[in-house]
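Structure record follows, encoded as structure tokens.
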Amino acid sequence: MTRRPLGKSGVLVSQVGLGCEHLQGMEAGAIRAVVDEALKQGMNIFDIFMSEPQVRTDIGSALAGRRDQVLLQGHIGAAWLNGQYCRTRKIDECEHFFEDFLVRLRTDYVDIGMLHYVDTPADFEAVFHSPVIEYAKRLKKEGVIRLLGMSSHDPGVARMAVETGLIDVLMFSINPSFDLAPAGTDLDGLFGGITERREGVAGINAAREQLYRTCERMGVGITVMKPLGAGRLLSADTSPLGVSLTPAQCVHYALDRPAVSSVLVGCRTPEEVRAAAAYEKASAQERDYTEALAGAWQFAAAKGQCMYCNHCLPCPKHIDVAQVGKFLDLAAAEPEVPATIRAHYEALEHHASECIACRSCERNCPFQVPVVERMEKAAAIFGK
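Be aware that the sequence shown starts at 1309, since it is given in the working numbering, and climbs by one per residue.
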């Protein structure tokens, strides 16, 4: 697979990589099959933000003897407490769960050490003016992490981090839905500007455009998360753009942004890995997204739409918000709730009716999803 420079680091990454978040909860054999296929397709960069112990162990097992074939993104600040994922800025927890990552992945180094999920100015302060950044800098000095990165969904905060000069890599959510302005966008200016990468492209959110330009200017490589919008962009019925895009079009859109090095696609099966990797051999016509976007009946930033990432956790009632949300959306798309979806929902350990409307999830959510309202809808649809 084609390799692209990761900023000014000197590292080359596959233009399509593997986002591993959907591997959590799968059997070890199924995880190995996905890892095998990703390596077979030439993917050499994996993001593993998940802190759940078993998925870390199983990915480590799948990579045994092949660690040198892949660049790992491991996250500082992703923790597993009381049986749930959560973010932490407590230095002892950051250290413990990063060391746990090393042990379970069977490695003594991480290629890209990611400061995990920094989306607000207050959180920026809690990371970049605290023992957390000193820990990360020490790890880099000692060679435990080769490059320092940060993951974010907010362009303003991400740019603050880039401008510190401390990070080599930014993991950022990029797709047309996130980037493009609401209805009324000058499409001629938008699509002409994308190709030419002109300064001040009309239609692209100005803060996001400025972030990409800043990364390009400072030599910070971008690895992309959410390129398919949690799969929503693949169907006109679920896309906020009102049109369907193919995986190849979504990947190409992200790779067209300044400073983007690799697009990390979340996959659960070898078939999904092959579909993502098919971008490599897609024709120029198959990659082209401009005609599809020109036909979109509206543009939206996808605020309020669940991406099933569980960044909203921890939940005091231990509700798996992403799974509840996913089953809600699947059920709502049908005239009647499919029996299989109901069975999957009922198999969850905790259900939407247990929500106490504390709204900690809504404060944590980077996409402004009305989680409490969705919990109420799920409880009504599924009866618990």
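In this text, a Cβ means the ideal position worked out from N, Cα and C, and glycines have one as well. A quick note: this is a predicted structure, and the numbers were derived from the prediction, not measured.
Secondary structure at I1353: strand, using DSSP grouped into helix, strand and coil. In the three-state DSSP reduction, R1454 falls in the strand class (E or B).
Residues of the same chain with a CB within less than 7 Å of the CB of W1388, apart from the 5 flanking positions on each side, are S1359, E1360, P1361, F1405 in chain order. Taking the CA atoms as reference points, D1416 sits about 12 Å from K1448.
Leaving aside the five residues that flank C1575 on each side, the residues in its chain whose CB is nearer than 7 Å to its CB run, in chain order, L1326, H1330, V1342, V1581, A1584. The beta carbon of D1427 sits closer than 7 Å to those of S1460, H1461, D1462, V1465, P1674, all from its chain and outside the five residues before and after it, given in chain order. Taking C-beta atoms under 8 Å as the contact rule, C1669 and V1679 qualify, at a distance of about 4 Å.
Shown here for A1515: same chain residues with a beta carbon closer than 6 Å to its own, the five before and five after excluded, namely P1463, G1464 in chain order.
Each residue's CA atom was taken as its position, placing R1311 and P1643 some 45 Å apart. Counted as a single uninterrupted DSSP element, the beta strand (DSSP E) harbouring V1321 occupies residues 1320-1322. By alpha-carbon distance to C1614, the top candidate from H1659, G1350, L1541 is L1541. Between the beta-carbon of V1528 and that of A1567 there is about 6 Å, and that keeps the pair under the 8 Å contact cut. Sixteen is the threshold: since fewer than 16 other Cβ atoms of the shown chains lie within 10 Å of the Cβ of P1313, the residue is exposed.
The three-state reading of DSSP puts G1527 in coil, since its state is none of H, G, I, E or B.
The straight-line gap separating the alpha-carbon atoms of I1627 and G1315 is approximately 39 Å.
The distance from the Cβ of F1357 to that of A1338 is about 19 Å, inconsistent with a contact at the 8 Å cut-off. In this structure, the alpha-carbon of G1421 lies about 37 Å from that of Q1593. As computed with DSSP, Y1393 is found in a beta bridge with W1388. Between the alpha carbons of L1371 and T1648 lies a gap of roughly 33 Å. Taking V1632 as the centre and dropping the five residues before and after it, the same chain places the C-beta of A1660, A1686 closer than 6 Å to its C-beta, in chain order. Beta-bridge pairing by DSSP links F1480 to S1460, V1532. Its chain contains M1358, S1359, E1360, A1386, A1387, N1618, L1621, P1622 as the residues whose beta carbon lies nearer than 8 Å to that of Y1393, once the 5 sequence neighbours on both sides are disregarded; these appear in chain order.
Residue environment analysis places K1348 among the exposed positions, since fewer than 16 neighbouring C-beta atoms fall within 10 angstroms of its C-beta. When the five nearest sequence neighbours on each side are left out, the beta carbons in the same chain lying within less than 6 Å of the beta carbon of R1340 are those of A1370, in order along the chain. Cβ contact annotation for E1345 (same chain, cutoff 6 Å, sequence separation greater than five): P1578, V1581, in chain order. No Cβ-Cβ contact shorter than 9 Å links L1423 with G1473. For the set V1573, L1636, K1625, R1671, the Cα lying nearest the Cα of E1657 is the one of K1625. Burial check for P1535: the Cβ neighbour count within 10 Å reaches 16 or more, so the residue is buried.
Going by C-alpha positions, D1476 is about 21 Å away from E1407.
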